[in-house]
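Undergrad: The following block contains the structure, expressed as structure tokens.
In UniProt numbering, the protein residues as written are 1 to 303.
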């Protein structure tokens with residue numbers, strides 16, 4: 001510069017250039033100071049950011065560890081949830097089965113209640129029917145008792161009538177035979193003309209003969225055929241019921257001859273048919289119409 005300005009005249013720099021340079025220096029100084037401050041702040045911020053990065057890394061490692069733990073827990077919880085879901089499904093199936101069973105039981109209960117109601121109605125109807133049948137049975141039993149009483153009365157009446165008829169036949173037969181025997185005895189007495197003493201002695205012999213079973217009761221003129229007829233009649237009467245059998249025995253006793261003491265002082269023989277009217281009158285007074293009345297000849301035969 002000196003060389004270039006040698007040919008010029010020396011002098012001072014202009015003031016405006018100096019001011020301009022001073023301003024530029026001031027601006028540059030200010031910019032430098034600003035940049036230095038900014039750099040310091042940035043360095044501080046960088047250090048702080050690095051610290052925060054370290055902290056963040058530590059926190060991230062902790063978070064990752066926690067996250068891994070949480071993932072393990074999540075997996076375990078998922079497994080538990082899956083197990084619970086399986087259990088829930090099983091329980092839900094069991095619950096549905098129980099609900100189906102409960103529904104079925106409810107339906108069966110309703111059905112059984114209906115059946116019980118129907119059976120109770122049927123039982124009530126059967127009870128009423130049984131009551132009616134009992135009443136009908138009692139009525140039929142009363143009717144049966146009445147019929148039995150009527151039948152017993154009719155049987156007794158029929159037995160009594162048949163007994164009276166047989167007794168009448170026996171009386172008639174005995175009376176006819178007695179007449180024939182008396183006629184034959186009279187003819188023999190007239191023909192033989194025995195003394196009275198001999199006749200009395202013969203009466204005692206007849207008495208002894210009457211005491212023997214199977215004798216002709218002092219009537220030798222009675223033929224065996226006629227006795228057989230009487231026995232046949234008695235056997236015919238014995239074929240009837242028990243009451244008729246007893247009454248037949250009474251009639252047989254009534255048909256036998258009876259020895260009595262006469263007022264003339266000697267024994268006489270008479271047929272049981274003579275007591276017929278008395279027996280018939282006594283027979284009507286009995287409750288059965290003949291049993292009590294026909295016992296009188298048996299007492300007479302004992303004499």
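In this text, a Cβ means the ideal position worked out from N, Cα and C, and glycines have one as well.
Suppose only complete runs of 4+ residues qualify. What are the alpha helix (DSSP H) ranges in the segment 85–136, listed by chain order?
TA: Those alpha helix (DSSP H) runs which fall completely within the segment 85–136 and span 4+ residues do not exist here.
Undergrad: To the nearest angstrom, how far is it from the Cα of residue 177 to the Cα of residue 169?
TA: Position 177 of the chain shown holds residue 177. Position 169 of the chain shown holds residue 169. Distance between the alpha carbons of residue 177 and residue 169 is about 12 Å.
Undergrad: Is it right to say residue 160 is buried, meaning 16 or more other beta carbons lie within 10 angstroms of its own, or is it exposed?
TA: To locate residue 160, count along the chain shown from 1; it is residue 160. Buried.
Undergrad: Could you check the C-alpha separation between residue 138 and residue 153 for me, to the nearest Å?
TA: Here the question's residue 138 lines up with position 138 in the chain shown. Here the question's residue 153 lines up with position 153 in the chain shown. Straight-line Cα distance between these residues: approximately 22 Å.
Undergrad: Buried or exposed: where does residue 167 fall if 16 or more other Cβ atoms within 10 Å of its Cβ makes it buried?
TA: Stepping through the chain shown from its first residue, residue 167 is reached at position 167. It counts as buried.
Undergrad: Do you know how far the Cα of residue 22 is from the Cα of residue 60?
TA: Residue numbering aside, residue 60 sits at position 60 when the chain shown is read from its first letter. Residue numbering aside, residue 22 sits at position 22 when the chain shown is read from its first letter. Rounded to the nearest angstrom, the two C-alpha atoms are 54 Å apart.
Undergrad: Is residue 61 helix, strand or coil when you go by DSSP?
TA: One-based indexing of the chain shown puts residue 61 at position 61. Of the three classes helix, strand and coil, the one that applies to residue 61 here is helix, per DSSP.
Undergrad: Please report how far the alpha carbon of residue 113 lies from the alpha carbon of residue 150, in whole angstroms.
TA: Translated into the one-based positions of the chain shown, residue 113 becomes position 113. Translated into the one-based positions of the chain shown, residue 150 becomes position 150. In a straight line, the C-alpha of residue 113 is about 54 Å away from that of residue 150.
Undergrad: Use the C-beta contact count for residue 171: other C-beta atoms within 10 angstroms, 16 or more gives buried, fewer gives exposed.
TA: Counting from 1 along the chain shown, the entry for residue 171 is found at position 171. Buried, since its Cβ has 16 or more Cβ neighbours within 10 Å.
Undergrad: Residue 35 to residue 55, Cα distance in whole Å?
TA: Taking the chain shown and counting its residues from 1, the one referred to as residue 35 is at position 35. Taking the chain shown and counting its residues from 1, the one referred to as residue 55 is at position 55. Taking the straight line from one Cα to the other gives about 29 Å.
Undergrad: Taking its Cβ as the centre, do 16 or more other Cβ atoms sit within 10 Å of residue 74, making it buried, or is it exposed?
TA: In the chain shown, the residue the question calls residue 74 occupies position 74. The residue in question, residue 74, is exposed, as its Cβ has fewer than 16 Cβ neighbours within 10 Å.
Undergrad: Please classify residue 19: is it buried, with 16 or more other beta-carbons within 10 angstroms of its beta-carbon, or exposed?
TA: In the chain shown, the residue the question calls residue 19 occupies position 19. Exposed, because fewer than 16 other Cβ atoms sit within 10 Å of the Cβ of residue 19.
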